[in-house]
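Contents: one structure, followed by commentary.
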Amino acid sequence: MKKYVTFALSAISLLSISGLASCSGSKKTIYVGTMSQPGEPILKHIEKEYEDKTGYNLEIQLFTDFATPNNALAQGEIQANLFQHKPFLDTYNENNKTDLASAAIMYDCAYGGYSKKISNLSDLPEGAKITIANDGSNMKRCLDILDAEGLIKVDYGTTATADLNPDTVNSYIVENSKNLVISPIATNLIAASLDEKDVYIGIVNATFAINAGLGSSSNLVCQEQDPTHKNANILACKTEDLKEDWLTALVEVLTSKETDAFITSTFGSTITPYHG
Amino acid sequence: MSLKTYITEYLGKYLLTTLEMVGITLLIGAVIGTILGSLLYITRKSKKKWVQVLYKVLDFIVGLIRSFPFYILIFVLLPFTRLLGLRAMSNEGFIVPLTIAAIPFIGKIIEGSLIEVNEGVVEAATSLGLSPWQIITRVVLREALPSIVSGITLSLITLIGYSAMSGAVGADSLGSFAYNFGMISYDTAAMLYAVGTIVILVVLVQTIGNFIYKLVK
Amino acid sequence: MIVFEHVKKTFKSKNNIVSAINDVSLTIEDGEIFGLVGQSGAGKSTLLRTINQLEKIDSGSILVNGVDVSTLKGKALRDFRKGIAMIFQHFSIMETQTVYQNIALPLVCEHWKRKDIDARVHELAEIVGLTEKLQSKPRELSGGQKQRVAIARSLALNPKILLCDEATSALDPITTDSILDLLKKINKDLGITIIIVTHQMEVIKSACKRIAILKDGNLLEVGETDDLFLSSSSALKTLVVEDEIVPTTGKNIKLYFPKTCTAESIITKMARDLNCDFSIVWGKLEKFQELVLGTLIINVSEENFDRVIEYLGKTDVRVEIIEGGDR
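Below, the structure written as structure tokens:
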């Protein structure tokens, strides 16, 4: 009796492994990596249309941090990803000697400064703490907003964006008349950091802010100006795949009028479709 | 997120992947872990020099893997998973680090259970002329069964906990759902649904574990 | 027949070497109930366990029915052990298994057919009186019943020898008696040689025909149990912690009555013949298997002492003078 049970159990485990490994066998599966906001709902929206059109199977794979989706893409684990802007991708390519490309410009995702303590930048007290993104390109984005508002003056000297280091953030600040404390932290923690008693402003993208309940205009104290759309989010892929038909089809459905309308209706003003 | 959306659109998928991931890991982990635990138990008692060395080596490797933070282990094992021909950053790929973490964990639990078995019973079995294989399979493992069952229950709950980290490599589980759709999306309701599901799952596992424990005792 | 020849065994610990068995030579005959007795640490258990090689010896030899056991290894050793049963102080049966499964264990491991196992288990349960308890788990059993399970299990493969390592030490006196009765029955009906390691005087008296007395790994004496008691062997005395309360005045004399004479006639006749008074301090009768042996302590005055000793010297009675007040 025991022998049969053991045998059955091992058979089941083997079957399930091979089942998992081969479930995509008949149809070609395109894996697209993204994060829960705002990429997931957008990809989910086009999933069926894409599959119907191409006959491919589209798998949306969710990641929890910014570093892994590009690693997965570079390793060939996924075929495309949607979560970053061009400067972030360039930084990644430079740091990792990879050749990932932008397949399409998707939407603007504006960064803004949010606060739960003040409603006007002029109320910012001496020595207030400001939390910003801690990856090179987004950190630069945040610092540039503060610079544009005249709160600090930044100068990166000859340092390339890819080499910007959150540990030495103060070395890029050449003028800081209010003695502000600039603190780079993980992007997904910035909105939550506003509940800390010494944090006056968090600079984060609008999606995070809205999700965290910072949607009302009284929380928004400053906003990124990006007339050249250099910080628009992109669909990234491997350079050698740029001409593949699965990718062309994907770009087509992602940049369609219908998808743009979906994005606008879902995210309102925080995400604006833009395709260059 | 509304409870209805959670139940109709997400619950099935994420519960299934969690169960599949943890279930397969437990099966493989329990089989190899039992072998490993028995090996530790046997080699630990030996008086032969080379067997003692073998025990030390095994014990060191077990300790090494166990002291790796699981989050790090996931990334360290990515190339190994690819070597096995699996997509490393995927649901089936995540089973590899989960299993590698489970084997020494279960192995140590089994070893502990075996050590607890009354030495006198082992001696009696020896005096009956049983072979070492018979002593392990027919006496020691059977006597240790209740303790092994509670150990496996504990392992299963630990694995459910570990599975929450699957989101790090883009694999799905109730835990990664809670993180992706709850935590970083600032959707408290979604987080509570997922965490609630995990709590129910853990309570269920514990209850079933206790029931089997009473059955074998 | 089991023959020990110059058996030596030492235990090495970090700091010192302890001699557990020191040059023991001994022969145990087929079909007897033999006792290995001594205080704890005497080496009796170690000596017993060398018979089935649970302990290896350093030098010397142990021949069991002509086989030198220390040369056995692997399968040969396991097959040899199947012919030698063993039971233990704490029963050592499997707690998670039923009585039936416990008794069946050696048979299952020998790949017996299910039908044959069933028949054999019932037969063994009959012998040890556990037919009603076959489906019980050990935790539902008393200590005596657990030991019966262990005995049944040990007998499953028809062994020729049964080793008992303090098998009754964890049991109360009444249960001890019933287990000893069972062992005696097994010895008689099945012709199994039984070797008992014990420190309990009742066990020695009740069951062992011959005993070997060990102390600190040395063999002090070997002989028939009743002879050793009668000769008031000094080795045996090291075992008996009998606090003999005797008067502090006069002289105390302990009399041992052999099998051939009775106490009363000698005492009363002596009183008449010597025409002297003495008081009886205490006396008792002890059962040695089938025999009854008696001891008596009397107290006589200093002046009568020599006459009494002289008189008793002419009889079969063995005499021992007890230093009363000095104790």
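Residue numbers (the working numbering), protein chains in the order written: chain A, 1 to 276; chain B, 277 to 493; chain C, 494 to 820.
Heads up, the beta-carbon is just placed ideally off N, CA and C, and yes, glycines get one too.
Treat the numbers as computed from the prediction; the structure is a model and nothing was measured.
Based on Cα-Cα distance, which residue from the options lies nearest to residue i?
| i | options | result |
| --- | --- | --- |
| Gly443/B | Tyr200/A, Ile60/A, Gly276/A | Ile60/A |
| Leu547/C | Ser554/C, Thr539/C, Gly553/C | Thr539/C |
| Ala527/C | Asp611/C, Lys501/C, Val496/C | According to the sequence shown, residue 527/C is Phe rather than Ala. Comparing Cα-Cα distances from Phe527/C to each of Asp611/C, Lys501/C, Val496/C, the minimum goes to Val496/C. |
| Met365/B | Glu149/A, Val32/A, Phe262/A | Val32/A |
| Ile815/C | Leu786/C, Gly776/C, Cys701/C, Val739/C | Val739/C |
| Phe346/B | Thr434/B, Arg358/B, Ile474/B, Val329/B | Thr434/B |
| Glu240/A | Asp99/A, Tyr92/A, Leu214/A, Gly150/A | Asp99/A |
| Cys602/C | Ile412/B, Ser314/B, Ile436/B | Ile412/B |
| Gln75/A | Asp463/B, Val445/B, Thr429/B, Leu417/B | Val445/B |
| Glu126/A | Thr159/A, Glu94/A, Ser177/A | Ser177/A |
| Leu303/B | Thr473/B, Thr429/B, Gly339/B, Tyr469/B | Thr429/B |
| Gly567/C | Ala440/B, Thr402/B, Val307/B, Leu291/B | Thr402/B |
| Thr294/B | Pro408/B, Pro380/B, Glu419/B, Ile371/B | Ile371/B |
| Glu813/C | Ile760/C, Val696/C, Asn745/C | Asn745/C |
| Phe381/B | Leu477/B, Thr464/B, Ala306/B, Tyr290/B | Ala306/B |
Could you check how far apart the C-beta atoms of residue i and residue j are, in whole angstroms? I think they sit under 8 Å.
| i | j | result |
| --- | --- | --- |
| Leu62/A | Thr29/A | About 16 Å; that fails the 8 Å criterion. |
| Ile824/C | Lys501/C | In the structure as shown, chain C begins at 494 and stops at 820. Residue 824/C is therefore absent and cannot be evaluated. |
| Met217/B | Ser449/B | Only positions 277 to 493 of chain B appear in this structure, which leaves residue 217/B out of reach. |
| Leu655/C | Ile544/C | Leu655/C to Ile544/C, Cβ: 11 Å. No contact. |
| Ile644/C | Val621/C | 5 Å |
| Thr661/C | Val530/C | 13 Å between Cβ atoms; not a contact. |
| Leu247/A | Ala80/A | 7 Å |
| Leu404/B | Pro599/C | 5 Å |
| Ala663/C | His583/C | 6 Å |
| Ile802/C | Ile791/C | In fact, because the Cβ distance is near 11 Å, the residues do not count as touching under 8 Å. |
Less than 8 Å between the C-beta atoms of residue i and residue j, yes or no?
| i | j | result |
| --- | --- | --- |
| Ile649/C | Leu617/C | This sequence places Ala at residue 649/C; Ile is not what is there. Contact flag set, yes. |
| Thr589/C | Lys280/B | no |
| Asp108/A | Ala232/A | yes |
| Tyr200/A | Ile145/A | no |
| Lys129/A | Val181/A | yes |
| Tyr274/A | Ile105/A | yes |
| Val415/B | Leu406/B | yes |
| Gly369/B | Gly309/B | no |
| Val471/B | Ala447/B | no |
| Ser461/B | Ser423/B | no |
| Val169/A | Lys153/A | no |
| Val251/A | Thr259/A | no |
| Leu623/C | Gln638/C | yes |
| Ile386/B | Gly313/B | yes |
| Ser533/C | Ile580/C | no |
| Phe722/C | Leu712/C | no |
| Asn57/A | Lys97/A | no |
| Gly524/C | Thr668/C | no |
| Pro87/A | Ser137/A | yes |
| Ile704/C | Ile697/C | yes |
| Leu748/C | Val793/C | no |
Interface residues of chain A around residue i at Cβ under 7 Å?
| i | result |
| --- | --- |
| Phe457/B | Ser36 |
| Tyr286/B | The premise fails here: Tyr286/B is roughly 11 Å from chain A at the closest Cβ pair, so nothing lies under 7 Å. |
Under 8 Å Cβ-Cβ, which residues of chain B neighbour residue i?
| i | result |
| --- | --- |
| Ser823/C | Nothing can be reported for residue 823/C: it is not among the residues displayed for chain C, which extend from 494 to 820. |
| Arg574/C | Thr402, Ser403, Leu404, Gly405 |
| Asn545/C | Ser403 |
| Arg571/C | Gly405, Leu406, Ser407 |
Closer than 7 Å by beta-carbon distance: list the chain B residues that pair up with residue i, in chain order.
| i | result |
| --- | --- |
| Cys602/C | Leu406, Gln410, Arg414 |
| Glu588/C | Glu419 |
| Arg607/C | Simply none; closest approach about 16 Å. |
Strictly below 8 Å CB to CB, what residues from chain C border residue i?
| i | result |
| --- | --- |
| Pro422/B | Thr589 |
| Lys493/B | Thr589 |
Whose Cβ in chain A lies nearer than 9 Å to the Cβ of residue i?
| i | result |
| --- | --- |
| Ile386/B | Ordered by position in chain A, no residue passes the 9 Å Cβ test against Ile386/B, which lies about 16 Å from the chain. |
| Val338/B | What Val338/B touches in chain A: nothing, since even the nearest Cβ is about 22 Å away. |
Quick one: which chain B residues come within Cβ less than 9 Å of residue i?
| i | result |
| --- | --- |
| Asn84/A | Just to set this straight, residue 84/A is Gln in the shown sequence, not Asn. Ordered by position in chain B, no residue passes the 9 Å Cβ test against Gln84/A, which lies about 15 Å from the chain. |
Along chain A, which residues have their Cβ under 8 Å away from the Cβ of residue i?
| i | result |
| --- | --- |
| Val327/B | The contacting residues do not exist; Val327/B stays about 28 Å from chain A at best. |
| Gly443/B | Leu62, Phe63, Thr64 |
(request) Could you name each continuous alpha helix (DSSP H) segment of 4 residues or more that falls completely within the region 494-570 of chain C, going from the start of the chain to the end? (result) 537-544
(message) So within the region 86-152 of chain A, which uninterrupted alpha helix (DSSP H) runs reach at least 4 residues, ignoring any that extend past its ends?
(response) 86-96, 136-148
(request) Taking only runs that begin and end inside the region 158-216 of chain A, name each unbroken alpha helix (DSSP H) of 4 or more residues, in chain order. (result) 187-193, 206-211
(request) Go through the region 619-684 of chain C residue by residue and report every complete run of the beta strand (DSSP E) that reaches 3 residues or more, in order. (result) 654-658
(request) Pick out the complete alpha helix (DSSP H) segments inside the region 388-412 of chain B, 4 residues or longer, and give them in chain order. (result) 395-403
(request) Can you check the region 442-477 of chain B for any alpha helix (DSSP H) of at least 4 residues that lies completely inside it and give the ranges in chain order? (result) 450-453
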